[in-house]
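*Asks:* My structure is below; once you've seen it, I'll send some questions.
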Amino acid sequence: MAAGFAVSFAVAALVSPRVLPSQGLVRRLSAPAAASFSGAPVARLPAALDIRRLVPLGDRLGASRWAAVEHAAVARSRPTLHSAPVGVVPARTPDGTTNIVVADGEADSGGQPWVHVSLAMLPNGTEGWVPRRALGGWSFVDTRLVINRARLTLTLWRAGRVMFRARVGIGAPGTPTPAGTFYVRDRLSGFTDPMYGPLAFGTNARSPTLTDWPGGGVVGIHGTDQPNLIPGRISHGCVRLANSAILRLGKLMPIGTPVRIE
Amino acid sequence: MTAGDGVRSLRLDDFDVDGAVRDTFEVMQCHTRSIFLRRTAGAGLAALGAVAAWPSEASAAATSDTAILNFALALEYLQASFYTEAERIGALHGALKQQADVVGGHERAHVKAFRQLLGSKAIKEPTFNFHGVTESADTFRTTAVAFEDLAAAAYKGQAPLIKSRSYLAGALAIHSVEARHAAWIRRLAGFLPAAKAFDEPLDAHEVVNIVNSTHFVTLQDPTTSSQTSPNFTG
Chain A
85 MAAGFAVSFA
95 VAALVSPRVL
105 PSQGLVRRLS
115 APAAASFSGA
125 PVARLPAALD
135 IRRLVPLGDR
145 LGASRWAAVE
155 HAAVARSRPT
165 LHSAPVGVVP
175 ARTPDGTTNI
185 VVADGEADSG
195 GQPWVHVSLA
205 MLPNGTEGWV
215 PRRALGGWSF
225 VDTRLVINRA
235 RLTLTLWRAG
245 RVMFRARVGI
255 GAPGTPTPAG
265 TFYVRDRLSG
275 FTDPMYGPLA
285 FGTNARSPTL
295 TDWPGGGVVG
305 IHGTDQPNLI
315 PGRISHGCVR
325 LANSAILRLG
335 KLMPIGTPVR
345 IE
Chain B
35 MTAGDGVRSL
45 RLDDFDVDGA
55 VRDTFEVMQC
65 HTRSIFLRRT
75 AGAGLAALGA
85 VAAWPSEASA
95 AATSDTAILN
105 FALALEYLQA
115 SFYTEAERIG
125 ALHGALKQQA
135 DVVGGHERAH
145 VKAFRQLLGS
155 KAIKEPTFNF
165 HGVTESADTF
175 RTTAVAFEDL
185 AAAAYKGQAP
195 LIKSRSYLAG
205 ALAIHSVEAR
215 HAAWIRRLAG
225 FLPAAKAFDE
235 PLDAHEVVNI
245 VNSTHFVTLQ
255 DPTTSSQTSP
265 NFTG
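So the protein sequences, as listed, match chains A and B.
For the first sequence, my numbering begins at 85 and goes up steadily by one.
For the second sequence, my numbering begins at 35 and goes up steadily by one.
Right, dumping it as structure tokens:
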């Protein structure tokens, strides 16, 4: 193999631009030869095939990744099967949609890849390691949502730019909206309950007080049938927007968007 | 065809929207093995050739050109997604990262070119699950060698069927770049960049079977939207 590499490197050196004559000279030498071969001009490439142009990635800054949970898995404190279980990552959310996880790290343990994820359980902020084989393919988002409980505002950022801002209603003092870093994991619409407005996003945040709520007290971001209460501290923990605002947000915010509630 | 929960194998039907590639294979079964291989290779090149065609020439090309173009587009989707995912996850460094950045840019350019040429006839991008091979340098390197060798063989397999001269020029323009990619990653992986004096082509069925064996193509998005009433706290 070493000999093969030596030969290939020698050939590479021969055709290196450093030892080639100018490109103009190469054209003068090769074009007449090609014409004399076939008697026809060289076929030209269409502009669409100008593959000298690289297509770079979009803005990589702030991108985060998520994957669907294909098989329910036990999340563990370290990336090994023998470490302590932290919780279960189900394949479905309480609303029947595919559960997803947002990853912020990976590790290899004995040839098996593991992924570090945030869980949808109390206490909020619980993290753990799940086997990579339990997850589907990665999707990437460059959006992030910031909910400021002091100012009663919601701001959607994308690639470092503000895309949308709105006033919100948040949890009342007895049923607070929890602080922390979460993510959007599903999108519900077409339902008849006017309390949620026309559109609702589910997150992996849980109400710290309404633990016996159906579905475990998932904190959502949704519309309302009481827009006069916005802005305010009036909800059971969810983040409420005017219906026009949630519809606008629905056009801008993809699944997997990280959510910071501060 | 089900390969697992939420996973379906890639089929010729996924890009052979007008049945042209399937018809080609059925015709080819009536011929000798050598003729079969040549014609399969030709069909592949036709697809590649279509990529290179000017719009006026594309409209004049046979319908099989569209199927072959979509076949090539499916391969480019696969490669572009692979490199893009590796770039975004950021587990690569040094020479391997440089290779992924440059080759990823090429593969995305190929996708862009095929989609532009096919217009509304372009197949939709499937979803992929690379099962963690983009998340470490070792698995990335091994998979990239396989992908680039496969792409070079697949383009070579389709080339003889190209009808349009301009298409053929385009096919060869991409094929040689894929061969350069293969040599580059082979060198980084410790293999001979060019192991043989003559490379073998692969026909479309062989390529599809190889891709299916990886289970990288899922063709099904997760159900993250629903019309059920929320259980949120409100």
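All residues carry an ideal CB built from backbone N, CA and C; glycine is no exception.
Kindly indicate which three-state DSSP category A/Val-126 falls into: helix, strand or coil?
*Replies:* In this structure, A/Val-126 counts as coil in the three-state DSSP scheme.
*Asks:* Please tell me whether B/Thr-168 has its Cβ less than 9 Å away from any Cβ of chain A.
*Replies:* Output row for B/Thr-168: interface = yes.
*Asks:* Please report whether the beta-carbon of A/Trp-222 lies at a distance below 9 Å from any beta-carbon of chain B.
*Replies:* Output row for A/Trp-222: interface = yes.
*Asks:* Does the separation of the CB atoms of A/Ile-345 and A/Val-225 fall below 9 Å?
*Replies:* Not a contact, by the Cβ cut-off of 9 Å.
*Asks:* Starting from A/Glu-190, find everything on chain B with Cβ-Cβ shorter than 7 Å and list it in chain order.
*Replies:* What A/Glu-190 touches in chain B: Glu-169.
*Asks:* Could you name each continuous alpha helix (DSSP H) segment of 4 residues or more that falls completely within the region 194-265 of chain B, going from the start of the chain to the end?
*Replies:* Counting only runs of 4 or more, we get 199-223 and 238-248.
*Asks:* Please determine whether the Cβ atom of B/Asp-233 lies at a distance below 8 Å from any heavy atom of the ligand PLP.
*Replies:* This structure simply doesn't include the ligand PLP, nor any ligand for that matter.
*Asks:* Taking only three categories from DSSP, how would you classify B/Ala-99?
*Replies:* Rather than Ala, the amino acid found at residue 99 of chain B in this sequence is Asp. Helix at B/Asp-99.
*Asks:* Helix or strand or just coil, what does DSSP make of A/Met-279?
*Replies:* Helix, per DSSP.
*Asks:* Can you tell me which of the three DSSP states A/Arg-235 falls into?
*Replies:* The answer is coil: DSSP assigns A/Arg-235 none of H, G, I, E or B.
*Asks:* Can you tell me which of B/Ala-178, B/Arg-149 and B/Pro-235 puts its alpha carbon nearest to the alpha carbon of B/Ala-25?
*Replies:* Any property of residue 25 of chain B remains undetermined from this structure, which presents chain B solely from 35 to 268.
*Asks:* Less than 9 Å between the C-beta atoms of A/Val-199 and A/Pro-215, yes or no?
*Replies:* Going by C-beta atoms, A/Val-199 is nearer than 9 Å to A/Pro-215.
*Asks:* Assess contact between the region 134-152 of chain B and the region 111-123 of chain B, defined as three or more Cβ pairs (one per stretch) separated by less than 8 Å. Is contact present?
*Replies:* With a cut-off of 8 Å, the region 111-123 of chain B and the region 134-152 of chain B count as touching, because enough Cβ pairs lie within range.
*Asks:* Name the residues in the region 267-290 of chain A whose C-beta lies less than 8 Å from a C-beta of chain B; which are they?
*Replies:* Cβ contacts with chain B: Arg-269, Asp-270, Arg-271, Leu-272, Ser-273, Gly-274, Phe-275, Thr-276, Asp-277, Met-279, Tyr-280, Ala-284 and Gly-286.
*Asks:* When we look at the beta-carbon of B/Thr-161 and count the other beta-carbons within 10 Å, is it buried (16 or more) or exposed?
*Replies:* B/Thr-161 is buried by the Cβ-count criterion.
*Asks:* With 16 other CB atoms within 10 Å as the buried threshold, where does B/Ser-154 fall?
*Replies:* That one is exposed.
*Asks:* Quick check: is the beta carbon of A/Ile-184 nearer than 9 Å to any beta carbon in chain B?
*Replies:* Cβ-Cβ to chain B under 9 Å: yes for A/Ile-184.
*Asks:* Helix or strand or just coil, what does DSSP make of A/Pro-342?
*Replies:* The answer is strand: DSSP assigns A/Pro-342 an E or B state.
*Asks:* Using the beta-carbon count (16 or more within 10 Å), is B/Val-235 buried or exposed?
*Replies:* A quick correction: the sequence has Pro, not Val, at residue 235 of chain B. So B/Pro-235 counts as buried.
*Asks:* Can you tell me the Cβ-Cβ gap for A/Asn-288 and A/Ser-202, rounded? I've got them flagged as a contact below 8 Å.
*Replies:* Going by Cβ atoms, the distance from A/Asn-288 to A/Ser-202 rounds to 6 Å, so yes, they are a contact pair.
*Asks:* Near B/Leu-79, which residues of its chain fall below 6 Å by C-beta distance, leaving aside the five closest residues on each side in sequence?
*Replies:* In this predicted model, B/Leu-79 has a pLDDT of only 31, less than 50, meaning its place in the structure is not dependable enough to derive any value.
*Asks:* Does the structure place the region 313-333 of chain A close enough to the region 246-261 of chain B that three or more beta carbon pairs sit under 8 Å?
*Replies:* Result no; under three Cβ-Cβ pairs closer than 8 Å.
*Asks:* Taking A/Ser-328 as part of the alpha helix (DSSP H), name the residues at either end of that continuous run.
*Replies:* Unbroken alpha helix (DSSP H) run through A/Ser-328: 327-336.
*Asks:* Given B/Ala-125, which residues of its chain have a CB within under 8 Å of its CB, disregarding the five upstream and five downstream residues?
*Replies:* Thr-168, Glu-169, Ser-170, Ala-171 and Phe-174.
*Asks:* Residues in its own chain within less than 8 Å of B/Ile-123 by CB, not counting five upstream and five downstream?
*Replies:* Once the five neighbours on either side are set aside, the close Cβ partners of B/Ile-123 are Thr-168 and Glu-169.
*Asks:* Report the CB separation of A/Val-323 from A/Thr-276 in whole angstroms; it is logged as a contact under 8 Å.
*Replies:* A/Val-323 to A/Thr-276, Cβ: 21 Å. No contact.
*Asks:* Between B/Gln-132 and A/Leu-133, what straight-line distance do the alpha-carbon atoms span, to the nearest angstrom?
*Replies:* Roughly 23 Å separates the two Cα atoms.
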